[in-house]
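Colleague: Chains L and Y, in that order, are what the protein sequence lines are.
Read left to right, the first sequence gives residues 133 to 223 (the numbering used here).
Read left to right, the second sequence gives residues 1367 to 1508 (the numbering used here).
Glycine included, every Cβ here is placed at the ideal spot set by N, Cα and C.
Just so we're clear, the structure is a prediction, and the values are computed from it rather than from any experiment.
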Amino acid sequence: MKRTMTNDEFDRLWQRAEVEGYAAKLSQEYPAWRAKQRRNSGFAVVVAVMMVVAIPMLMPHHDGYGKVYCNRSNTAEAEWVSLTSEILMTV
Amino acid sequence: MKRFLLILTALLQVAMFVGCSSKAEEQPGEIYRKYASWPGLAVAQVTDFELCDTVSVDVVMLIADNDSAWQQIVAEFDIRSDSGSTSWLAPIDQPSTHTSWDDNPVLRVVAMPERHTVGIYRIDNEEQYDALVDYQLNNLHK
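1. In this structure, does DSSP put W221 of chain L in helix, strand or coil?
2. Of all Cβ atoms in chain Y, is any one closer than 9 Å to the Cβ of M221 of chain L?
3. When you compare each of Y:A1430, Y:L1417 and Y:T1420 to P1405 of chain Y by their alpha carbons, which one comes out closest?
4. Can you tell me where the beta strand (DSSP E) holding D1414 of chain Y begins and where it ends?
5. When the cut-off is 9 Å and only beta carbons count, does N1518 of chain Y lie next to chain L?
6. Out of Y:R1474, Y:V1412 and Y:E1492, point me to the one whose CA is closest to A1456 of chain Y's CA.
7. Can you name the residues of chain Y whose CB is closer than 8 Å to the CB of V200 of chain L?
8. Does the stretch 208 to 218 of chain L come within contact of the stretch 1489 to 1499 of chain Y, defined as at least 3 CB pairs closer than 8 Å?
9. When you compare the CB of R204 of chain L with every CB in chain Y, is at least one pair closer than 9 Å?
10. What residue range does the alpha helix (DSSP H) around D140 of chain L cover?
11. Taking the alpha-carbon of V1476 of chain Y as reference, which of Y:N1470, Y:Q1502 and Y:D1468 has the nearest alpha-carbon?
12. With P188 of chain L as the anchor, note down where its beta strand (DSSP E) starts and where it stops.
13. Would you mind stating whether F1415 of chain Y and S217 of chain L have Cβ atoms separated by less than 9 Å?
14. Are the CB atoms of T1413 of chain Y and G198 of chain L within a distance shorter than 9 Å?
15. Between Y162 of chain L and chain Y, is there a C-beta pair that is closer than 9 Å?
16. By how many angstroms is the C-alpha of A180 of chain L removed from the C-alpha of G153 of chain L?
17. Would you identify the three-state DSSP class for Y1398 of chain Y, choosing helix, strand or coil?
18. Can you name the residues of chain L whose CB is closer than 8 Å to the CB of E1480 of chain Y?
19. Would you say N203 of chain L and A1497 of chain Y are within 9 Å of each other, going by their C-beta atoms?
20. Does the CB of A1402 of chain Y have a neighbour CB from chain L at under 9 Å?
21. Whose Cβ in chain L lies nearer than 8 Å to the Cβ of E1416 of chain Y?
22. What does Y201 of chain L pair with, by DSSP beta-bridge criteria?
23. Short check: CB of I1445 of chain Y to CB of V1472 of chain Y, under 9 Å?
24. List the DSSP bridge partners of S1466 of chain Y.
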């Protein structure tokens, strides 16, 4: 009975083919496997890029505030946050 | 199995990204928008200003550039003192009215006439009210 090659087995075969110089031939003989391998690699790259973008956005602020909106463009966020705290101490 | 995990991870990442994007597009509150266009007034909203590890409030700060702008603030908030600092609780839509805490959302307004500055802290629940008082007490003793 013919056994179907697993992804890992094809990956190992492909790595060996690259080292031993018959990757092009292997790609011709197993075009579907090679296409699948490329799709998986593409997925991995997409996921990696999205993680790089999304994870920093999910990191909580440790500066004691979320965001500062201001109607003046030349002001520093830290000064407003400091004032927010300072003014509470005056009463 | 590997492909399924990749797709699942990708979908999770898309959901996280969409969630983060919508959060990043938050708009400043009504109080900020009301005063941001007033002439001679620097206005800032600090969102999620942390009072302690678990409680935060949104704060709007107003600073008048000149006496004229300050007089507008004085009239708006009915500020009757020229020195020191005064503080009161006010209904959400009536910052000049003095009220007391009754479990409804209120504004804690702090006016500092000598610095032409007003701070407006939005308090939506008792947890925030208590945390604000604790924040003042804890920091006063530092």
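Modeller: Looking at the atomic coordinates:
1. Rather than Trp, the amino acid found at residue 221 of chain L in this sequence is Met. In this structure, M221 of chain L counts as coil in the three-state DSSP scheme.
2. yes
3. Y:A1430
4. L1407 to E1416
5. Residue 1518 of chain Y lies beyond the range of chain Y shown here (1367 to 1508); nothing can be said about it.
6. Y:R1474
7. Going along chain Y in sequence order, the residues near V200 of chain L (Cβ under 8 Å) are A1410, Q1411, V1412 and T1413.
8. No: fewer than three Cβ pairs fall under 8 Å.
9. yes
10. N139 to E152
11. Y:Q1502
12. Premise fails: P188 of chain L lies in the alpha helix (DSSP H), P163 to L190, not in any beta strand (DSSP E).
13. Their beta carbons are under 9 Å apart, which means F1415 of chain Y touches S217 of chain L by this criterion.
14. Contact: yes.
15. no
16. 29 Å
17. helix
18. The contacting residues do not exist; E1480 of chain Y stays about 10 Å from chain L at best.
19. no
20. Chain L, which has a Cβ nearer than 9 Å to the Cβ of A1402 of chain Y, makes this yes.
21. G196 and Y197
22. According to DSSP, which records beta bridges pairwise, Y201 of chain L is partnered with Y:Q1411.
23. With contacts defined by Cβ atoms closer than 9 Å, I1445 of chain Y and V1472 of chain Y do not form a contacting pair.
24. The partner list for S1466 of chain Y (beta bridge, DSSP) is empty, contrary to what the question assumes.
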